[in-house]
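Report on the structure given below.
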Amino acid sequence: MKKILYIPKIKIHNANALSSPYTIGFPAMTAWGGGVHAIERKLHTAGYPGLTFKNIGVACHHINLQTYKGTGDYVSSLIINLNPLKKNGEKSSFIEEARCHLTVSLIIEYECPNLDDTDKFINIVENIVHGNFKLAGGDILNFNKIEIIQIEDKASGQKFLQRLMPSYCLVDRRDLMIKSMEEGRDAIDALLDHLKVTQTSKIEDTGEVTWSSHRKDKGWIVPISIGYQGITDICNTQDQRDRDTPHRFAESVVSLGQFIMPYRFTNIEEILWQYNVDLDKNLYMYQQIK
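At the far end of the sequence shown sits residue 437, using the numbering used here, and the numbering has no gaps.
Here is the structure:
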């Protein structure tokens with residue numbers, strides 16, 4: 148039996164759409180995992196020290212990427228917030244930030260011994276999320292009533308998945324990259340191989356030319372950031388914020404994901420992600436539990 152903390156229809160304003168140093172779109176899995184971990188830590192100090200958030204799932208109901216593409220433009224431009232002008236009237240320097248407005252539901256599998264008063268627990272979670280709390284770098288505007296749901300069997304799991312409609316759940320498709328890399332491509336070529344759109348033309352018997360476009364695989368395949376890989380040893384560095392915690396530099400790990408509607412899943416485990424650490428390979432990544 149699985150115990151699920153369900154936070155539905157979270158409306159987020161100005162979430163971070165720069166999911167890695169070179170991808171813009173849906174926020175990284177690490178962003179959602181970091182927010183869930185922050186809730187877990189706040190609950191520890193609120194009287195639930197034995198609480199553990201095991202796995203998380205994200206269902207996207209709506210997303211509005213803040214970009215603009217004018218008539219005749221080849222690429223889109225970011226819609227950014229303009230900083231105040233300098234005293235001499237010139238624009239101040241700034242770093243462009245990719246933003247998005249979106250609505251998501253969080254599915255959090257948890258374990259908590261002696262959790263008898265669920266109403267009190269839900270009320271504390273609501274106060275945490277309603278407070279000065281950001282998710283994926285964005286401001287939480289509102290959300291629907293939080294629920295505790297018990298998944299006892301496959302049937303109850305499918306019934307819960309139907310409640311997520313209409314939405315798209317993000318799942319891991321690193322298998323596509325692995326297959327391409329086994330065929331001899333490097334990582335970036337394997338990634339682009341599944342993202343590029345191929346245009347083809349055909350001359351009909353009438354002499355008319357028709358065009359069609361397709362991708363290598365069917366479905367809504369996207370690049371996603373799923374974690375980090377350490378590029379330095381674990382040590383203390385000069386001027387680090389926390390002197391008691393070892394530090395290391397890391398770079399983003401980008402893979403492929405796919406957005407799939409919930410009714411296509413047969414088991415709730417198919418949408419859940421779990422944090423995994425592989426110190427032998429210096430990897431700190433989210434991966435699917437199934």
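Beta carbons: idealized from backbone N, C-alpha and C, even for Gly. Given the structure is predicted, the values throughout are model-derived calculations rather than measurements.
In the structure shown, His361 falls within a strand segment according to DSSP collapsed to helix, strand and coil. Around the CB of Ile226, fewer than 16 other CB atoms lie within 10 Å, so the residue is classed as exposed. Excluding residues up to 5 positions away in sequence, Thr177, Val400, Leu430, Tyr431, Met432, Tyr433 lie with their Cβ nearer than 7 Å to the Cβ of Gly374 in the same chain. Of all C-beta pairs linking the region 389–399 to the region 412–423, fewer than three are shorter than 8 Å, placing the two stretches out of contact. Where Asp336 is concerned, there is no enclosing beta strand (DSSP E), although the alpha helix (DSSP H) around it starts and stops at 334–340. Within the region 286–348, the complete alpha helix (DSSP H) segments at least 4 residues long are 301–310, 321–329, 334–340, listed from N- to C-terminus. Of the candidates Ala162, Ala175, Phe200, Val251, the residue whose Cα lies closest to the Cα of Lys149 is Phe200. Here His209 has Leu249, Thr250 as same chain residues with Cβ atoms under 7 Å from its own Cβ, once five neighbours each way along the sequence are excluded. Apart from the 5 residues on each side of it in sequence, Gln376 sits with its Cβ closer than 7 Å to the Cβ of Ala397, Glu398, Val400, Asn429, Leu430 in its chain, given in chain order. In the three-state scheme derived from DSSP, where H, G and I count as helix and E and B as strand, Thr170 is classed as strand. Here the alpha carbon of Asp322 sits roughly 13 Å from the alpha carbon of Ile371. Within the region 379–421, the complete beta strand (DSSP E) segments at least 3 residues long are 397–407, listed from N- to C-terminus.
At a Cβ-Cβ threshold of 8 Å, Trp367 and Phe406 count as neighbours. Contiguous alpha helix (DSSP H) elements confined to the region 188–216 do not occur, taking only those with 4 or more residues. Residue burial annotation: Cys382 is exposed, with fewer than 16 other C-beta atoms found within 10 angstroms of its C-beta. Within the same chain, and ignoring the five residues on either side of Asp364 in sequence, the residues whose Cβ sits closer than 7 Å to its Cβ are Leu323, His341.
Contact annotation: Ile157 and Ile255 have beta-carbon atoms that are not nearer than 8 Å. Straight through space, the alpha carbons of Leu198 and His191 are spaced by roughly 7 Å.
Here the alpha carbons of Leu338 and Ser402 stand approximately 7 Å from one another. In the DSSP annotation of this structure, the continuous segment of the alpha helix (DSSP H) that includes Val276 starts and ends at 265–277.
In terms of Cα proximity to Pro409, the closest of Pro260, Leu311, Gln297, Gly285 is Leu311. With 16 or more neighbouring CB atoms inside 10 Å of its own CB, Gly180 falls in the buried class.
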